[in-house]
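Asks:
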Amino acid sequence: MKNFTISIPVEVFSYSELSPQHAQLVDLARRYTDNAYSPYSKFRVGAAILLDNGQIVCGANQENVAYPSGTCAERSACFAAGAQFPGVAFRAIAIASVGTDGLVPQDPTAPCGACRQALLEYETLAGRDVQVILAGRDKVYVLPSVKSLLPLAFSEF
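What the sequence shown shows, in our numbering, is residues 33 to 189, in sequence order.
Right, here's the structure in full:
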């Protein structure tokens, strides 16, 4: 038998410590929480993806009474980016949320497993790491890649 450990590097910043580019992505992700349609969960999420061509594509969660028919903010943004800018690699994604109490959670919210898998597809297509920026009220986590959120990921590649 052999054992190994998986560790995930996470940088923790306050908003004021972010680079201008990361702050812009966080601002857009936060703004897009207002575009969420979440009458059932009351949990609003926004996402902003920076592409290699400098464009930023945003998304928000969209619910449906038939729960599986809705989509998360991260997949909303990544599928829109893929449709609008086919073949353009992702550089970074910022994710922000507003809780069911109407407040920004103190700690950052991480994407669900389905979103992690979908984002990993785009990271794989890019052929390089895509930074992940998770924004909470008081701190922002910056991870080096989508794969760091999904170690031992399922992949055809």
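Just so you know, even glycine gets a beta-carbon here, dropped at the ideal spot from N, CA and C.
Please read these numbers as outputs of a predicted model, since none were measured by experiment.
Look at VAL77 and ILE38 and say whether their C-beta atoms are less than 8 Å apart.
Replies: For VAL77 and ILE38, no; Cβs fall outside 8 Å.
Asks: What ranges does the alpha helix (DSSP H) occupy inside the segment 72 to 121, keeping only unbroken runs of at least 4 residues that lie completely in it?
Replies: You should have 105 to 116.
Asks: Considering Cα atoms alone, identify which of ASN35, GLN53, LEU184 is closest to VAL174.
Replies: Closest by alpha carbon: GLN53.
Asks: For LEU135, which of ASP170, LEU181, PHE111, SER187 has the nearest alpha-carbon?
Replies: Measuring from the Cα of LEU135, the nearest candidate turns out to be ASP170.
Asks: Can you grab the Cα-Cα spacing for the pair VAL58 / SER177, in whole Å?
Replies: Near 16 Å, if we compare the C-alpha coordinates of SER177 and VAL58.
Asks: Grouping DSSP H, G and I as helix and E and B as strand, with all else coil, what is ALA146?
Replies: Residue state, collapsed to three classes: helix.
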